[in-house]
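Trainee: Below is one structure. I have some questions about it.
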Amino acid sequence: MHADNDPTPPLETPSTADAVDPTTDATTTPEPAPPLDPWEELEAEAAKWKEISLRTAAEMENLRKRTTREREDAIRYANQRLLEELIPVIDNFEMGMLAAAQDTSSMIYIGMDMVRRQLNEFLTSQGVEEIPTSGQFDPNLHDAVAQEEDGAGEEGRILRVTRRGFRLRDRLIRPASVVVSKAPSSAEAIEA
Numbered sequence: 091m092h093a094d095n096d097p098t099p100p101l102e103t104p105s106t107a108d109a110v111d112p113t114t115d116a117t118t119t120p121e122p123a124p125p126l127d128p129w130e131e132l133e134a135e136a137a138k139w140k141e142i143s144l145r146t147a148a149e150m151e152n153l154r155k156r157t158t159r160e161r162e163d164a165i166r167y168a169n170q171r172l173l174e175e176l177i178p179v180i181d182n183f184e185m186g187m188l189a190a191a192q193d194t195s196s197m198i199y200i201g202m203d204m205v206r207r208q209l210n211e212f213l214t215s216q217g218v219e220e221i222p223t224s225g226q227f228d229p230n231l232h233d234a235v236a237q238e239e240d241g242a243g244e245e246g247r248i249l250r251v252t253r254r255g256f257r258l259r260d261r262l263i264r265p266a267s268v269v270v271s272k273a274p275s276s277a278e279a280i281e282a
């Protein structure tokens with residue numbers, strides 16, 4: 091037969107709340123907690139609000155410091171986008187200078203040289219500095235566009251610069267594109 095048609099009620103198990111502890115007398119009731127002294131309640135409430143106010147003050151101080159730091163960074167690096175767009179123009183100007191250098195006594199070259207000095211002074215005043223390109227290759231500052239074998243056998247030395255790199259204070263604007271030396275292959279080393 092099916093359980094749905096069974097006329098007897100199901101057996102109920104006592105819940106843990108209704109269970110009687112066999113070690114206690116059924117006639118004893120648990121003693122209610124003594125009421126807190128109103129003064130202690132006020133002190134607890136005051137301690138809670140003091141803790142909240144201290145946390146809020148600390149959060150406000152952190153927010154003030156972070157806002158100040160972000161504002162200083164915004165002022166410090168405000169011209170970064172302008173400088174990033176100006177650097178390719180300076181590259182083209184430098185190529186024009188190379189062409190004009192054929193005749194260094196011409197008025198065109200003299201005028202372009204004056205403009206180049208003004209541009210360099212402007213960049214320096216804005217905190218822009220050229221990335222050094224002598225010595226060893228640094229992947230944080232240089233972009234290796236090619237490798238060439240070096241007779242000295244020293245690997246990772248910068249041989250020449252194909253495009254100057256710049257940074258604005260401590261931020262990299264554009265890495266310097268360089269040609270890096272590599273050790274001669276073993277067949278060439280044997281021939282030498």
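When we follow the numbering used here, the leftmost residue of the sequence shown carries the number 91, and every step to the right adds one. Just so you know, even glycine gets a beta-carbon here, dropped at the ideal spot from N, CA and C.
Using 8 Å for Cβ pairs, my map puts A266 next to I221. What's the rounded Cβ distance?
Mentor: 5 Å between Cβ atoms; contact.
Trainee: Under the assumption that G255 contacts H232 (Cβ atoms under 8 Å), give the Cβ distance between them as a whole number of angstroms.
Mentor: Right, the Cβ-Cβ distance comes to about 7 Å (below 8 Å), so this counts as a contact.
Trainee: Mind checking V268: buried by the 16 CB within 10 Å criterion, or exposed?
Mentor: V268 is buried by the Cβ-count criterion.
Trainee: On the three-state DSSP scale, how would you describe S195?
Mentor: In this structure, S195 counts as coil in the three-state DSSP scheme.
Trainee: To the nearest angstrom, how far is the alpha carbon of R264 from that of E175?
Mentor: C-alpha separation (whole angstroms): 11 Å.
Trainee: Express the C-alpha separation of N169 and G217 in angstroms, rounding to a whole number.
Mentor: When rounded, the distance between both Cα atoms is 10 Å.
Trainee: With DSSP as the reference, label T157 as helix, strand or coil.
Mentor: Helix.
Trainee: Just the C-alpha distance for L173 and E149, rounded to the nearest angstrom, thanks.
Mentor: Whole-angstrom Cα-Cα distance: 36 Å.
Trainee: Would I200 be called buried (16 or more neighbouring beta carbons within 10 Å of its own) or exposed?
Mentor: With fewer than 16 other Cβ atoms within 10 Å, it is exposed.
Trainee: Return the first residue and the last residue of the alpha helix (DSSP H) that E183 is part of.
Mentor: Note that residue 183 is Phe in the sequence shown, not Glu. Element bounds for F183: Q170 to A190.
Trainee: How would you label V205, buried or exposed, when you count the other beta carbons within 10 angstroms and need 16 or more for buried?
Mentor: V205 should be labelled exposed.
Trainee: Can you check whether the CB of E244 is closer than 8 Å to the CB of S271?
Mentor: Yes.
Trainee: Going by Cα to Cα distance, which pick from R253, D228, E219 and E238 is closest to D260?
Mentor: Of the listed residues, the one whose Cα sits closest to D260 is E219.
Trainee: Per DSSP, which residues does D127 bridge with? Please list them.
Mentor: The partner list for D127 (beta bridge, DSSP) is empty, contrary to what the question assumes.
Trainee: With DSSP as the reference, please indicate the residues paired to L258 in a beta bridge.
Mentor: Per DSSP, V218 and R261.
Trainee: So, for L258: in the same chain, excluding its five sequence neighbours on each side, which residues have a beta-carbon less than 7 Å away from its beta-carbon?
Mentor: These residues qualify, in order along the chain: Y167, Q170, L173, G217 and V218.
Trainee: Under 8 Å, do I177 and L209 count as touching if we go by C-beta distance?
Mentor: The answer is no: Cβ separation not under 8 Å.
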